[in-house]
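Student: So the protein sequences, as listed, match chains G and W.
Residue numbers for the first sequence follow our numbering, so the first one is 164 and each next one is one higher.
Residue numbers for the second sequence follow our numbering, so the first one is 69 and each next one is one higher.
Note that the Cβ used here is the ideal one computed from N, Cα and C, for glycine as well.
Keep in mind the model is a prediction, meaning the values are calculated, not measured.
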Amino acid sequence: MIHLETPSKFRALVEQAHQVAAEIFRPNSRRYDRAEHEYPKELDMLGALLDGMNASGVGGAGAAGVRRESAHGEGNRNGTNLSTALGTMELCWGDVGFLLSMPRQGLGNAAIASVASEEQLQRFAGRWAAMAITEPHCGSDSAAIRTTARLDGDHYVLNGDKIFVTAGARAELVVVWATLDRSAGRAAIKSFVVEKGTPGFELVRLEHKLGIRASDTAQFALRDCRVPAANLLGDPAINVEKGFAGVMQTFDNTRPLVAAMAVGLARACIEETQRLLKAVGVEIDYDRPAHAQPAAAAELLRLEADYEAARLLTLQAAWMADNRKPNSLQASQAKAKAGRACVDIALKCVELCGSAGYGEGELLEKWARDAKILDIFEGTQQIQLLIIARRLLGKTSAELK
Amino acid sequence: MGVVQRVMGLGLRAINRIAGSPLLDRLQLRRPAERALYHGARVGFRGAAAATRTFKAAQSLGRPLRPSRGAGGSGLFDLTPSEEQLLLQAAARQFADRELRTAAATADAECQAPPSLLRGADELGLAALGIPEALGGVGGERAAVSNVLVAEALAHGDLGLAFACLAPAAVSQALVLWGDAAQQARYLPDFAGEHAPVAALAVQEAQPLFDPFALRTTARRDGTDFILSGVKSLVPRAAQAELFVVAAQLDGAGPALFIVESSSAGLTVEAEPAMGLRAAATARLHLGDVRVPAAALLGGAAAEVYRECIALSRIAWSALATGTAQAALDYVIPYVNERSAFGEPISHRQAVAFAVADISIELEGLRLTTWRAASRADRGDPFAREAALARRLAADKGARIGSDAVQLLGGHGFVKEHPVERWYRDLRAAGFVEGAVLV
Numbered sequence: 164m165i166h167l168e169t170p171s172k173f174r175a176l177v178e179q180a181h182q183v184a185a186e187i188f189r190p191n192s193r194r195y196d197r198a199e200h201e202y203p204k205e206l207d208m209l210g211a212l213l214d215g216m217n218a219s220g221v222g223g224a225g226a227a228g229v230r231r232e233s234a235h236g237e238g239n240r241n242g243t244n245l246s247t248a249l250g251t252m253e254l255c256w257g258d259v260g261f262l263l264s265m266p267r268q269g270l271g272n273a274a275i276a277s278v279a280s281e282e283q284l285q286r287f288a289g290r291w292a293a294m295a296i297t298e299p300h301c302g303s304d305s306a307a308i309r310t311t312a313r314l315d316g317d318h319y320v321l322n323g324d325k326i327f328v329t330a331g332a333r334a335e336l337v338v339v340w341a342t343l344d345r346s347a348g349r350a351a352i353k354s355f356v357v358e359k360g361t362p363g364f365e366l367v368r369l370e371h372k373l374g375i376r377a378s379d380t381a382q383f384a385l386r387d388c389r390v391p392a393a394n395l396l397g398d399p400a401i402n403v404e405k406g407f408a409g410v411m412q413t414f415d416n417t418r419p420l421v422a423a424m425a426v427g428l429a430r431a432c433i434e435e436t437q438r439l440l441k442a443v444g445v446e447i448d449y450d451r452p453a454h455a456q457p458a459a460a461a462e463l464l465r466l467e468a469d470y471e472a473a474r475l476l477t478l479q480a481a482w483m484a485d486n487r488k489p490n491s492l493q494a495s496q497a498k499a500k501a502g503r504a505c506v507d508i509a510l511k512c513v514e515l516c517g518s519a520g521y522g523e524g525e526l527l528e529k530w531a532r533d534a535k536i537l538d539i540f541e542g543t544q545q546i547q548l549l550i551i552a553r554r555l556l557g558k559t560s561a562e563l564k
Numbered sequence: 069m070g071v072v073q074r075v076m077g078l079g080l081r082a083i084n085r086i087a088g089s090p091l092l093d094r095l096q097l098r099r100p101a102e103r104a105l106y107h108g109a110r111v112g113f114r115g116a117a118a119a120t121r122t123f124k125a126a127q128s129l130g131r132p133l134r135p136s137r138g139a140g141g142s143g144l145f146d147l148t149p150s151e152e153q154l155l156l157q158a159a160a161r162q163f164a165d166r167e168l169r170t171a172a173a174t175a176d177a178e179c180q181a182p183p184s185l186l187r188g189a190d191e192l193g194l195a196a197l198g199i200p201e202a203l204g205g206v207g208g209e210r211a212a213v214s215n216v217l218v219a220e221a222l223a224h225g226d227l228g229l230a231f232a233c234l235a236p237a238a239v240s241q242a243l244v245l246w247g248d249a250a251q252q253a254r255y256l257p258d259f260a261g262e263h264a265p266v267a268a269l270a271v272q273e274a275q276p277l278f279d280p281f282a283l284r285t286t287a288r289r290d291g292t293d294f295i296l297s298g299v300k301s302l303v304p305r306a307a308q309a310e311l312f313v314v315a316a317q318l319d320g321a322g323p324a325l326f327i328v329e330s331s332s333a334g335l336t337v338e339a340e341p342a343m344g345l346r347a348a349a350t351a352r353l354h355l356g357d358v359r360v361p362a363a364a365l366l367g368g369a370a371a372e373v374y375r376e377c378i379a380l381s382r383i384a385w386s387a388l389a390t391g392t393a394q395a396a397l398d399y400v401i402p403y404v405n406e407r408s409a410f411g412e413p414i415s416h417r418q419a420v421a422f423a424v425a426d427i428s429i430e431l432e433g434l435r436l437t438t439w440r441a442a443s444r445a446d447r448g449d450p451f452a453r454e455a456a457l458a459r460r461l462a463a464d465k466g467a468r469i470g471s472d473a474v475q476l477l478g479g480h481g482f483v484k485e486h487p488v489e490r491w492y493r494d495l496r497a498a499g500f501v502e503g504a505v506l507v
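#1: I need the straight-line Cα distance from W/L431 to G/L555, nearest angstrom please.
#2: Which residues, in order along the segment 127-147 of chain W, keep a beta-carbon less than 8 Å from a beta-carbon of chain G?
#3: Does the distance from the CB of W/D494 to the CB of W/G225 come in under 8 Å?
#4: Return the chain-ordered list of same chain residues with a C-beta closer than 7 Å to the C-beta of W/A195, the five sequence neighbours on each side being excluded.
#5: Closest by CA to W/S136, which one among W/R407, W/D290, W/A249, W/R210?
#6: Considering only residues of the segment 358-437 of chain W, which uninterrupted alpha helix (DSSP H) runs meet the minimum length of 4 residues and lie entirely inside it, listed in chain order?
#7: Say whether chain W places a C-beta atom closer than 8 Å to the C-beta of G/I551.
#8: For G/D465 and W/D293, I'd like the C-alpha separation in whole angstroms.
#9: Report yes or no: is there a C-beta of chain G within less than 8 Å of the C-beta of W/T437?
#10: With DSSP as the reference, identify every bridge partner of G/F355, one or two as the case may be.
#11: Which same chain residues, not among the five before or five after W/A309, have their C-beta less than 6 Å away from its C-beta?
#12: If you check the beta carbons only, do W/A219 and W/V501 fall under 8 Å apart?
#13: Write down the C-beta distance between G/L206 and G/S264 rounded to the nearest angstrom, noting that I regard them as a contact closer than 8 Å.
#14: Which residues, taken in chain order from the segment 488-510 of chain G, show a beta carbon closer than 7 Å to some beta carbon of chain W?
#15: Note down, in chain order, every chain G residue with its Cβ under 7 Å from the Cβ of W/P149.
#16: Count the other CB atoms, across all protein chains shown, that sit within 10 Å of the CB of G/T477; report buried if there are 16 or more and exposed otherwise.
#17: Is any beta-carbon of chain W found at less than 8 Å from that of G/K325?
#18: Between G/T310 and G/A341, how many whole angstroms is the CB-CB distance? I'm expecting something under 8 Å.
#19: Say whether the segment 417-428 of chain G touches the segment 522-542 of chain G, bearing in mind that this needs 3 or more beta-carbon pairs closer than 8 Å, one atom from each stretch.
#20: Suppose the cutoff is 7 Å on Cβ atoms and the five residues either side in sequence are ignored; what does the same chain contact list for G/L548 look like?
#21: Anyone know if the C-beta pair for G/G520 and G/E528 falls short of 8 Å?
#22: Tell me G/K325's beta-bridge partners as DSSP assigns them.
#23: Straight-line CA distance for W/G198 to G/G271?
#24: Indicate whether G/I546 and G/S303 have their beta-carbon atoms separated by less than 8 Å.
#25: In angstroms, rounded to a whole number, what distance separates the CA positions of G/P299 and G/I308?
#26: Apart from the five residues just before and just after W/L185, which ones in its own chain have a Cβ nearer than 6 Å to its Cβ?
#27: Taking Cβ positions only, does W/G433 come closer than 8 Å to chain G?
#28: Whole angstroms are fine: how far does the CA of G/A453 sit from the CA of G/A460?
#29: Buried or exposed: G/G289, going by 16 or more other Cβ atoms within 10 Å of its Cβ?
#30: Run down chain W in chain order and give the residues with a C-beta less than 7 Å from the C-beta of G/H454.
#31: Between W/A126, W/V213, W/V299, W/A306, which lies nearest to W/A351 when the distance is taken from Cα to Cα?
#32: Using 8 Å as the limit for Cβ to Cβ distance, is W/A457 near chain G?
#33: Check the Cβ of W/S443 against every Cβ in chain G and list those closer than 7 Å, keeping chain order.
#34: At least one CB of chain W closer than 8 Å to the CB of G/G223: is that the case?
#35: Using a 10 Å radius around the Cβ and a threshold of 16 neighbouring Cβ atoms, would you call G/Q285 buried or exposed?
#36: Using the Cβ count rule (16 or more neighbours within 10 Å means buried), how would you classify W/L277?
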């Protein structure tokens with residue numbers, strides 16, 4: 164039966180996440196936006212709280228929530244993908260930078276949750292893992308990475324440079340993408356869990372950014388860094404048939420989460436703008452046509468419509484993952500829509516509020532800066548459109564470049 | 069072709085329908101040479117079918133019958149239609165593919181849907197879907213989502229014809245939702261019967277910045293009667309309609325809905341061919357001091373009834389836009405794959421491929437937003453906001469999709485060999501028309 168409301172069984176969780184966002188994230192937002200690179204200590208206790216929520220099996224904001232559970236029983240399922248998306252929306256209504264800094268909730272954790280073996284899952288349980296894909300010369304074209312991994316006895320020896328590693332300084336583990344054989348193309352790309360403190364694994368610097376400053380973004384150098392062979396995630400064989408699909412599959416689960424971040428931020432912007440505009444007498448009337456309302460109200464209505472579309476696309480992608488339906492197309496649709504909508508919404512909200520929104524007295528200007536990364540990381544807008552178009556048109560990446 | 073042959077070609081039902089009308093005029097005006105006259109100056113054509121039916125009250129049940137609200141369900145998020153909805157959707161899809169799509173171009177050109185097709189729609193029972201069983205229909209529960217799925221499926225065939233097919237159901241739906249026992253007993257059995265009346269819900273007016281909550285059509289009290297005057301715009305199948313529900317500003321009470329039988333004195337229909345929706349034979353409905361009895365007031369002029377009517381119509385239009393946008397996407401995909409330029413399919417270019425991706429994204433967002441509004445309506449939750457958001461998307465993204473579909477075909481999109489130019493015209497309407505269809 165078609166029903167697109169927040170499932171009743173997740174309402175408590177959503178409420179809990181909302182409390183965290185309102186009581187802990189928002190009051191600290193500005194402070195850590197100014198004090199870039201300072202660790203938000205307030206998040207430590209939250210990490211513990213989230214661990215508890217994940218252990219209870221309902222997820223919430225945890226990166227572990229993206230693991231595809233095995234089938235049990237027929238019928239409609241609302242599982243951890245959906246609850247995690249809903250929790251993420253609430254937390255990012257509070258602060259995207261903090262969400263990205265939540266201990267043990269990194270993208271590396273999502274990768275481990277998605278593709279690790281049972282043994283690896285146990286070994287890395289409870290540890291914070293960042294994800295290192297991008298290199299100085301390549302971003303979206305992740306098949307072009309140059310970091311190499313060479314098998315030497317029961318270790319892999321890694322060499323290369325990694326940039327834009329979210330939570331890289333704070334995480335205990337970094338999931339590093341490297342190629343076993345640069346001549347073998349995508350199939351040779353594998354991910355390796357590298358422990359902090361491993362000799363040859365060096366934190367080079369932290370970036371200064373437009374937004375999400377509460378989240379650290381690290382650059383690493385790997386110089387003859389020896390990683391246990393057992394730390395390779397997934398199948399070590401170079402399988403030309405499906406090799407790259409393995410690591411890319413993680414994205415089908417994480418893209419809806421990044422879309423959820425964008426949805427949460429967009430709602431924060433819309434609500435704040437509605438509050439500020441109400442104070443000057445402008446409110447949306449949902450009954451009357453847009454053209455019969457003040458221009459600012461009509462504009463807000465348009466933004467809210469885009470927000471609603473992005474939100475439902477995101478929930479659809481997460482719901483499909485819960486129900487084990489292939490969702491690459493929908494995950495990219497959600498990410499593309501939410502990414503561009505949140506930037507459009509945030510910038511328009513600042514414009515509508517003028518200097519009241521542009522000044523640091525409100526958080527709108529910060530959200531507008533934070534928003535932009537959501538249309539870039541975890542696959543840019545353009546990459547999402549490529550994925551969607553290739554699927555719809557039945558084109559390979561060689562045909563539609 | 070002689071007049072007799074033309075009449076035969078229209079079918080017996082059509083002849084019966086126009087028996088009381090200036091038949092010869094009508095057929096002559098159908099000639100291409102006189103089409104301009106037909107379109108431009110066909111004023112004073114009084115409710116053609118007015119004489120064909122007298123609505124007789126069946127035994128009133130004493131209290132109005134309303135569809136029940138859907139059970140709460142599991143409370144889970146779910147995008148799976150029910151078995152029954154899948155069946156309905158499949159039937160509507162088949163009808164749309166076989167009948168609507170093939171008849172669309174001609175119907176658009178002639179500003180008229182083929183009578184056989186409209187009969188087919190009647191046989192599908194579109195107007196009987198929401199009518200409670202006790203009044204001869206097949207409905208039980210509130211079924212806005214089902215109606216959305218049907219509207220989407222029909223519009224995938226053709227929006228103009230879908231509009232024509234669904235127009236009577238808007239009136240039966242209004243009677244089911246807001247009619248009192250006497251109104252339901254008088255009209256609904258006919259809608260549930262084999263020869264459902266043609267009917268139209270007339271809200272739209274031809275003012276720039278039209279606001280359905282600030283109508284120019286007025287209703288003033290005269291004794292116990294109401295006197296209606298004003299002009300309604302883009303009324304589907306108005307010339308054939310036997311029954312209207314008309315929105316008018318009731319003095320002292322805001323906008324309200326009135327049941328107006330087409331035999332009422334003072335009612336005239338003027339053809340109003342437009343950019344699109346042409347298969348629905350849209351017309352202006354002139355109400356020149358039309359007197360209706362107190363019993364014609366629908367829903368007791370309650371503000372929430374009218375608000376609900378407007379919101380439900382916006383959901384219906386959004387569903388029609390969704391189906392049409394899906395048709396556009398389904399059409400452009402093979403086209404851009406087959407069309408070659410500079411030595412390879414144009415779909416190998418990002419400028420082309422990204423436009424296709426964007427259509428799919430915005431279409432899916434529109435669909436989900438529409439579904440959510442409808443599912444809230446079914447459960448009795450407030451849905452005006454969700455309907456407004458769906459309407460906004462239908463207006464913005466719908467028109468954009470229509471435009472992009474034409475653009476992707478280039479010059480070929482601009483000519484009538486391909487249906488995309490029709491979708492471009494029809495999608496524009498789905499973003500602003502108020503009333504006329506309900507879910």
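Tutor: In brief:
#1: 13 Å
#2: For the segment 127-147 of chain W, which is checked against every Cβ of chain G, the residues closer than 8 Å are G138, G141, S142, G143, L144, F145, D146, L147.
#3: With contacts defined as CB atoms closer than 8 Å, W/D494 and W/G225 fail to qualify as a contacting pair.
#4: The residues are P236, A237, S240, F259, A264.
#5: W/R210
#6: 371-406
#7: yes
#8: Looking at the sequence itself, residue 465 of chain G is Arg, so the reference to Asp does not match. Spanning the two alpha carbons is a distance of roughly 42 Å.
#9: It does; some Cβ of chain G falls within 8 Å.
#10: The partner list for G/F355 (beta bridge, DSSP) reads G/V339, G/L395.
#11: V266, A267, A268, S330
#12: no
#13: 6 Å
#14: Q496, A499, K500
#15: I165
#16: buried
#17: no
#18: 4 Å
#19: yes
#20: Result list for G/L548: A499, in chain order.
#21: Judged by their CB atoms, G/G520 and G/E528 are nearer to each other than the 8 Å cut-off.
#22: G/F383
#23: 52 Å
#24: In this structure, G/I546 sits near G/S303, with a CB-CB distance shorter than 8 Å.
#25: 9 Å
#26: For W/L185, where only same-chain residues beyond five positions count, the Cβ hits under 6 Å are E167, A171.
#27: yes
#28: Rounded to whole angstroms, G/A460 to G/A453 spans 8 Å at the Cα level.
#29: exposed
#30: L277
#31: W/A306
#32: As written in the sequence, residue 457 of chain W is Leu, which differs from the Ala given in the question. With 8 Å as the cut-off, W/L457 counts as an interface residue toward chain G.
#33: Taking a Cβ-Cβ cut-off of 7 Å, the neighbours of W/S443 in chain G comprise I165, H166, L167, given in sequence order.
#34: Low local confidence applies: a pLDDT of 47 at G/G223 is under 50, so the model's placement there is unreliable, and no value is given.
#35: exposed
#36: By the neighbour-count definition (other C-beta atoms within 10 Å, threshold 16), W/L277 is an exposed residue.
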